[in-house]
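Colleague:
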Amino acid sequence: MKLEMDGDLCKTIEVAIEEDERSPENNNPAIGEETERDGEELFVPPLNFALVDNGVFRSGFPDIANFTFLQTLGLRSIIYLCPEPYPEPNTEFLKLNGIQLFQFGIEGCKEPFVNIPEYTIREALKVVIVRSGQLSSQAPNNPSDAMEIRYLPFKIPHQAHEALLDALLHPTLLVYRADIRNHPLLIHCKRGKHRTGCVVGCLRKLQNWCLSSVFDEYQRFAAAKARVSDQRFMELFDVSSLKHLPMSFSCSKR
1 MKLEMDGDLC KTIEVAIEED ERSPENNNPA IGEETERDGE ELFVPPLNFA LVDNGVFRSG
61 FPDIANFTFL QTLGLRSIIY LCPEPYPEPN TEFLKLNGIQ LFQFGIEGCK EPFVNIPEYT
121 IREALKVVIV RSGQLSSQAP NNPSDAMEIR YLPFKIPHQA HEALLDALLH PTLLVYRADI
181 RNHPLLIHCK RGKHRTGCVV GCLRKLQNWC LSSVFDEYQR FAAAKARVSD QRFMELFDVS
241 SLKHLPMSFS CSKR
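Numbering-wise, the sequence shown is residues 1 to 254 according to the UniProt record's numbering.
Listed below in structure tokens is the structure:
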């Protein structure tokens with residue numbers, strides 16, 4: 001830059017411009033670098049993760065990035081609603097953290113009138129409902145295990161007298177293992193929308209929610225991909241056969 005003074009006198013001033021090493025472009029390190037520098041771990045929940053009830057969660061398929069977050073939940077069980085084999089990294093995560101896997105393979109279908117397997121949904125609900133134990137049809141292998149077995153306290157309906165007689169004559173047919181716990185548990189499919197939504201919706205019916213509230217929750221997760229067939233299934237699902245099981249969480253009406 002030149003400055004003219006009195007017409008004859010001329011001085012040249014050199015201006016040096018240095019780049020600021022603390023410019024915005026250089027002040028935003030990658031998230032991984034920042035958390036490593038700060039000594040903090042990043043907790044990333046799975047897709048569509050949410051609390052369903054005390055000790056019950058729902059989500060889409062967890063990947064490796066979600067493992068640290070899942071460890072904070074103290075999970076005992078995972079209900080997996082897809083027919084495909086569980087990925088090896090996820091299986092290893094379950095082993096390292098002592099988590100049980102309950103797989104109920106439900107095919108993911110986009111067709112609007114494909115029947116949803118009611119029996120499979122019902123079996124998945126049994127895992128959710130029986131918090132502090134599981135049903136078994138076998139006697140214990142070790143005599144010491146018999147000390148931890150007691151009968152499941154539920155009322156037998158009038159029409160099930162024959163089943164009651166069988167249970168009395170063969171007491172090992174229906175036992176309750178008090179040392180096996182399923183909660184806290186996570187219910188998930190691929191996206192946490194349709195299959196997971198149906199299981200949770202049927203659970204809500206068991207909790208005496210009105211259908212409008214059941215559908216509102218389903219639509220909140222399914223969004224634009226909500227299916228009339230799913231909602232119809234939840235509407236027609238009969239929860240009476242599950243009423244005898246001991247509930248482990250709230251049954252408040254919505």
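Ideal placement from N, C-alpha and C gives every residue a C-beta, glycine not left out. Bear in mind the structure is a predicted one, so any value in this text is a computation, not a measurement.
Counting only runs that start and end within the region 54-128, where is the beta strand (DSSP E) found for 3 or more residues in a row?
Modeller: Counting only runs of 3 or more, we get 56-59, 77-80 and 100-103.
Colleague: If you reduce the DSSP assignment to three classes, tell me which class H188 lands in.
Modeller: H188 falls in the strand class under three-state DSSP.
Colleague: Which same chain residues, not among the five before or five after P45, have their C-beta less than 8 angstroms away from its C-beta?
Modeller: Counting only Cβ-Cβ distances below 8 angstroms, and skipping sequence neighbours, we find S59, N66 and F69.
Colleague: Thinking just about the alpha-carbon of each residue, which of E92, L94, M234 and N97 is nearest to the one in L203?
Modeller: When each option's Cα is compared against that of L203, the closest is M234.
Colleague: Report all residues from its chain with a CB closer than 7 angstroms to the CB of V214; omit the five preceding and five following residues, and keep chain order.
Modeller: So the list reads G201, R204, K205 and M234, once near-sequence residues are dropped.
Colleague: If you run the structure through DSSP and keep just helix, strand and coil, what is L47?
Modeller: Here L47 sits in coil by DSSP.
Colleague: Rounded to the nearest angstrom, what separates P89 and V199 at their Cα positions?
Modeller: Whole-angstrom Cα-Cα distance: 25 angstroms.
Colleague: The alpha helix (DSSP H) spanning V214 covers which residue range?
Modeller: Start and end: L211 to A222.
Colleague: Would the beta-carbon of D230 fall within 7 angstroms of that of H194?
Modeller: In contact: D230 and H194 (Cβ atoms closer than 7 angstroms).
Colleague: CB-CB under 8 angstroms to F43, same chain, minus the five flanking residues each way: which ones, in chain order?
Modeller: Excluding sequence neighbours, F43 sits near T68, F69 and T72.
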